[in-house]
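Residue numbers (my numbering): 13 to 258.
First up is the structure itself, then whatever we jot down about it.
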């Protein structure tokens, strides 16, 4: 029986999503919990994609197979009782055996949160504490150049060996917090994302917001397909996988 789940996690204390030997990971904790329910038989979790150490997820998706048929509500309660407090499964449903959480996904939404105001130690693991003013208008102008279909090789890990660096960003935006004008959320919706792609884009946008670059430079950075032309990688703690679309 194949199941499909939606889950969230606080990535602060994980070495990323993907299971690694002797490391605390989201996948490792999930598989450990489900194997207990599955009569201690191994359960392999296949997520829509991986997130790096310190990155959070609001609505990550994954599928898994179990030997027996379970009531989804009871399965949900059982696994949440076994998981650590920084992971929470929100929904479980039965899907067809040929469904795949990664390959059937049609798009994803990532958001990145920045605090331009006074340093807030309570949010240091969840909002990037930039703590200086940025030219948000110029940053938003730059983001519009990213929309559409492009090679994003300049914005992925320099040694990442991908067959195809082309992705489509259908929507970008910057949202101001109505309660705190010093907090902004950068939104990226697209068909797929390369490793470090959002964080490398955000690092470049911050340099534009600082006045070190012009928004139009994004065009040449994309064309160059050269990681050294883009800005540094932004910190992990501000990044969230918000949604996966099917």
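Think of the CB as a built atom: it goes at the ideal place given N, C-alpha and C, for glycine as much as any other residue.
Per DSSP, the bridge partner or partners of residue i
i           : result
residue 139 : Answer by DSSP bridge pairing: none, since residue 139 is not bridged.
residue 20  : 100
residue 126 : 140, 196
residue 120 : 202, 256
residue 105 : 16
residue 251 : 124
Cβ-Cβ separation, residue j to residue i (assumed contact under 8 angstroms), whole Å
i           : j           : result
residue 209 : residue 186 : With 8 angstroms as the limit, residue 209 and residue 186 do not qualify as a contact, their Cβ atoms being about 17 angstroms apart.
residue 77  : residue 13  : 7 angstroms
residue 215 : residue 243 : 4 angstroms
residue 57  : residue 84  : At roughly 16 angstroms, the Cβ-Cβ gap does not stay under 8 angstroms, so residue 57 and residue 84 are not in contact.
residue 157 : residue 231 : 5 angstroms
residue 30  : residue 37  : 6 angstroms
residue 121 : residue 255 : 4 angstroms
residue 11  : residue 228 : Given a span of 13 to 258 for the chain in the structure shown, any question on residue 11 remains unanswerable.
Range of the contiguous alpha helix (DSSP H) that encloses residue i
i           : result
residue 241 : Segment: none, residue 241 is in no alpha helix (DSSP H) and carries neither H nor E.
residue 212 : 209–221
Any chain C beta carbon closer than 8 angstroms to residue i
i           : result
residue 204 : Considering every chain present, this structure includes no chain C. It has just one protein chain.
Option nearest residue i by Cα separation, candidates the options
i           : options            : result
residue 146 : 206, 222, 97, 116  : 222
residue 45  : 80, 92, 220        : 92
residue 253 : 131, 141, 119      : 119
residue 136 : 255, 247, 27       : 247
residue 98  : 257, 70, 123, 111  : 70
residue 96  : 226, 108, 41, 129  : 41
residue 80  : 39, 212, 50, 131   : 50
residue 173 : 165, 179, 217      : 165
residue 115 : 149, 161, 59       : 59
residue 75  : 39, 89, 63, 86     : 39
residue 6   : 207, 199, 139, 192 : Here the chain covers residues 13 to 258 and nothing more, so residue 6 does not appear.
residue 179 : 229, 194, 196, 163 : 163
residue 144 : 129, 134, 153, 161 : 129
residue 218 : 100, 124, 25       : 124
residue 73  : 107, 153, 90, 65   : 107
residue 55  : 66, 15, 220        : 15
residue 193 : 183, 204, 82, 127  : 127
residue 149 : 181, 175, 196      : 196
residue 87  : 17, 200, 161       : 17
residue 24  : 237, 239, 64, 94   : 64
residue 53  : 251, 237, 43       : 43
residue 240 : 159, 167, 182, 102 : 167
residue 183 : 175, 189, 198      : 198
residue 159 : 181, 138, 142, 153 : 181
residue 22  : 138, 90, 133, 35   : 138
residue 62  : 90, 191, 33, 27    : 27
residue 20  : 32, 94, 100        : 100
Please specify which runs of the alpha helix (DSSP H), each continuous and at least 4 residues long, are wholly inside the stretch 134–201, giving them in chain order.
148–158
Quick one: which unbroken alpha helix (DSSP H) runs of 4-plus residues sit fully inside the stretch 33–93? Chain order, please.
38–49
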